[in-house]
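In case it helps, this note's numbering puts the sequence shown at residues 980 to 1118.
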Amino acid sequence: MRNDDCIFCKIIAGEIPSRTIYEDNDFKVILDASPASKGHALILPKDHCANIYEINEELLAKAAKLAKKLTIHMTEQLHCDGFNIVQNNGELAGQTVFHFHIHLIPRYHGMKNNDILCWTHEDFSAEAQDQICQKLRYS
Ligand code: 5GP
Ligand code: ZN
């Protein structure tokens, strides 16, 4: 399904040009217009869904398989030295386009932006960590 206000839906429909590196029935994979590194690409499901909460599990599983295949392919082609797979949900988490997407970001020794995904650690007491662990235990 398409969302008429969504820039990625327009890209998928071919109404806005993009550099496509892969396409099948479910996905279009394009180069990011403001790349963090050489080859930075975005996996876009063709059906509009805003985020991880909305995407159906089957499609998400296909996206994960595609991310793996493209990571291998891109690493072979680009000879990158590391690889980030990033997926943002919500404004606070850095999402700016509200159509689910997976960033494929090759990393290179000595290039800009190598610290882009770094964070400093927060301090939590052992008790607080125990409580969080208890709360998050999932089966
Ligand atoms: P987010 O911040 O939502 O995780 O990532 C959105 C990404 O989409 C950004 O990296 C941004 O550069 C990219 N982007 C936004 N608009 C366009 C566009 O029109 N074309 C392409 N190829 N990428 C876009
Ligand atoms: Zn969309």
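For glycine and all other residues, C-beta sits at the position ideal for the given N, C-alpha and C.
A quick note: this is a predicted structure, and the numbers were derived from the prediction, not measured.
query                                                                                                                                                                             : result
For alanine 1020, which residues does DSSP report across the bridge?                                                                                                              : Leu1010 and Leu1083
What three-state label does DSSP hand isoleucine 1064 in the structure shown?                                                                                                     : strand
Can you list, in chain order, the residues of its chain with a C-beta nearer than 6 Å to that of isoleucine 990? Leave out the 5 residues immediately preceding and following it. : Ser997
Pull up the DSSP beta-bridge partners for glutamate 1002, would you.                                                                                                              : Lys1007
Closest to valine 1065 by CA distance: which of Met1053, Leu1021 and Asp1003 is it?                                                                                               : Leu1021
Looking at the unbroken alpha helix (DSSP H) that takes in histidine 1052, where does it start and where does it end?                                                             : 1036 to 1057
Under 6 Å from any heavy atom of the ligand 5GP, does the C-beta of alanine 1105 make it?                                                                                         : no
Of the residues His1078, His1058, Asn1035 and Gln1110, which one's Cα is nearest the Cα of histidine 1027?                                                                        : His1078
Pop quiz: proline 1014 and leucine 1057 are said to be a contact at Cβ under 8 Å. What is the actual Cβ separation, rounded to whole angstroms?                                   : Incorrect: roughly 12 Å between the Cβ atoms, too far for contact.
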